[in-house]
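In terms of numbering that gives the first Met the number 0, the sequence shown opens at residue 0 and continues consecutively.
Quick reminder that beta carbons are idealized off the backbone N, C-alpha and C, glycines included.
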Amino acid sequence: MSERPAAPGDLGRRVAQRRGELGLDRRQLADRAGIDPGYLDYLEASAASASTETVHKLAAALETSSEELLGGTMDLPPGRGRPGPHPVLEKLEPAECLRLIAPGGVGRVAFSGPEGPTILPVNYVVHDGAVIFRTASGGPLDDTLRTGVRGMEFKVAFEIDRLDEAGREGWSVLVRGGAHHVSDEERTAVAEVDVRPWAGGERELFVRIAPTEISGRRIRHAS
0 MSERPAAPGD LGRRVAQRRG ELGLDRRQLA DRAGIDPGYL DYLEASAASA
50 STETVHKLAA ALETSSEELL GGTMDLPPGR GRPGPHPVLE KLEPAECLRL
100 IAPGGVGRVA FSGPEGPTIL PVNYVVHDGA VIFRTASGGP LDDTLRTGVR
150 GMEFKVAFEI DRLDEAGREG WSVLVRGGAH HVSDEERTAV AEVDVRPWAG
200 GERELFVRIA PTEISGRRIR HAS
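Rendered as structure tokens:
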């Protein structure tokens, strides 16, 4: 009996991304999953779908779920699974927090806006120890930062996290500090910062958060 193909989607892209997160090359993943390396090359390089059995094998080898690889969790909040066995909550040192957030990605900036407490997701980078992101002119954060006083900063919080749904482990980092629009004098220093908002649009204003406090936590399984 032939296998029923799994639902199509960006399977190859998700496989390649997860493989990179685990530090595996294609041959190592193929060996783990028990599939032909040539087929894995084809799968990652095309928009092809795969059989249900192949998806299950790849998910197990990549320490994730078939649903995650197929994009079935895109519209669902993370962390819906049950806790792992014997979870342990650890505090992270500031140096470890900085190491975790250094690659950049998506974080959440929290501030007191015109309409009350506000949290917004933004794409960010870490540059010279500070968090840099872009925002739109006239947006809620832009309005909040426009104090009219040169050099004045506005206290914000910035949160970044990473969850391993399959392993039921993860970490979170909280940065507190003063935020301000990047000035003309600072613009040269951040001109080469490659931060591209997923939301697109004219987000021409750079915002810099200078951390005054960095803390973090990690959930892992007790050995």
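Per-residue DSSP class, three states only, for residue i
i	result
ILE34	coil
GLU2	Confidence is the limiting factor: at GLU2 the pLDDT is only 42, short of 50, which leaves the residue's position unreliable, though a coordinate-based value still follows. GLU2 falls in the coil class under three-state DSSP.
PRO198	Note that residue 198 corresponds to Ala in the displayed sequence, not to Pro. ALA198: coil per DSSP, three-state reduction.
GLY215	strand
PRO7	Residue confidence for PRO7 is low, a pLDDT of 41 falling below 50, so the modelled location carries little weight; the figure read from the coordinates is stated next. The answer is coil: DSSP assigns PRO7 none of H, G, I, E or B.
Neighbour-count burial assignment, residue i, 16 or more Cβ in a 10 Å radius
i	result
ARG26	exposed
ILE118	exposed
THR187	exposed
THR63	buried
SER1	Residue placement at SER1 cannot be trusted, given a pLDDT of 42 that sits under 50; what the coordinates show is reported in the next sentence. The residue is exposed, with fewer than 16 neighbouring Cβ atoms inside 10 Å.
THR53	buried
N-terminal and C-terminal residue of the alpha helix (DSSP H) that residue i is part of
i	result
VAL54	51-60
PRO93	93-100
GLU20	10-21
Cβ-Cβ distance between residue i and residue j below 7 Å
i	j	result
ILE131	GLY176	no
ALA32	ALA49	no
VAL206	THR134	yes
PRO139	GLY112	yes
LEU173	GLU191	no
ALA101	VAL121	no
ALA109	ALA58	no
ARG216	SER171	yes
ILE218	GLU184	no
LEU68	ARG13	yes
Start-to-end residues for the beta strand (DSSP E) that takes in residue i
i	result
VAL189	Segment 183-189 is the alpha helix (DSSP H) holding VAL189; no beta strand (DSSP E) there.
LEU69	That residue, LEU69, is in no beta strand (DSSP E); it is neither H nor E in DSSP.
GLY169	168-180
ALA156	153-163
Original post:
Taking only runs of the beta strand (DSSP E) that begin and end inside the region 111-150, which ones reach a length of at least 3 residues, in chain order?
Top reply: 115-126 and 129-134
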